[in-house]
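In UniProt numbering, the protein residues as written are 1 to 151.
For every residue, glycine included, the Cβ atom is placed at its ideal position computed from N, Cα and C.
Source: prediction; values computed, not measured.
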Amino acid sequence: MLGPALLAFAALLAGCDEAEPPPQLRIAGADPARGRAVITERGCGSCHVIPGIRGAVAWVGPPLLEWSRRAYVGGRLPNAPENLVAWLRDPQAISPGSAMPSLGLTEREARDAAAYLYTIGTAQPVPAGMVLGPGQGGPRAEARLRPRGDQ
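The following block contains the structure:
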């Protein structure tokens, strides 16, 4: 059983993956803490791995690790705050037929959720998910991509 001091230390470490996003990815007036609550309440973790969100360990959609390093939103738009907010509000308008459902987010909810996504990194281990091949499931220290020619 963990003592109170150890639990407090673990809670402190759990937030260490949140970082200030680069200036071009900051969303004026948005609150990452509210965004974290929106992401939790709307059940985004039932489809995505999302660091910092308890139970967000699903591999239905792509893992949302290091969101600020992504090139595209919805596979179609450059990764910029206004595009991410638009995607979160109405993904079908951006990528018709996408598996991403409309969650009915308000403008404020989408801005807050986007603000949270831009703060997360990979400090927490990635939970086990879909196996890519024999022995390739779960957290790994090395990349999961296979080198070219090693098919």
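Distance between beta carbons of residue j and residue i, contact taken as under 8 Å
| i | j | result |
| --- | --- | --- |
| G45 | I53 | 5 Å |
| residue 168 | G43 | A query on residue 168 cannot be resolved here, the shown segment of the chain reaching from 1 to 151 and no further. |
| L117 | L64 | 6 Å |
| L84 | A114 | 4 Å |
| S68 | P21 | 5 Å |
| D90 | S102 | 6 Å |
| H48 | A37 | The pair is not a contact, with the Cβ atoms about 16 Å apart (cut-off 8 Å). |
Residue i - DSSP class collapsed to helix/strand/coil
| i | result |
| --- | --- |
| Y118 | coil |
| P78 | strand |
| V49 | strand |
| V60 | coil |
| G129 | Residue placement at G129 is poorly supported in this model, since its pLDDT is 48, which falls under 50; the coordinates still yield a value, given next. DSSP places G129 in coil when its eight states are reduced to three. |
| E109 | helix |
| S102 | coil |
| R26 | coil |
| R89 | helix |
| G55 | coil |
| E66 | coil |
| E41 | helix |
| G97 | coil |
| P21 | coil |
Inter-residue spacing [alpha-carbon to alpha-carbon] between residue i and residue j
| i | j | result |
| --- | --- | --- |
| A58 | G74 | 18 Å |
| I50 | I120 | 8 Å |
| P96 | A80 | 20 Å |
| L25 | R70 | 12 Å |
| Q92 | T40 | 21 Å |
| L88 | P23 | 21 Å |
| A30 | R108 | 7 Å |
| I94 | E66 | 22 Å |
| A110 | A28 | 13 Å |
Bridge partners - residue i, DSSP secondary structure assignment
| i | result |
| --- | --- |
| V73 | L77 |
Cβ of residue i within 8 Å of any chain B Cβ
| i | result |
| --- | --- |
| S95 | Among the protein chains of the structure shown there is no chain B, as only one such chain exists. |
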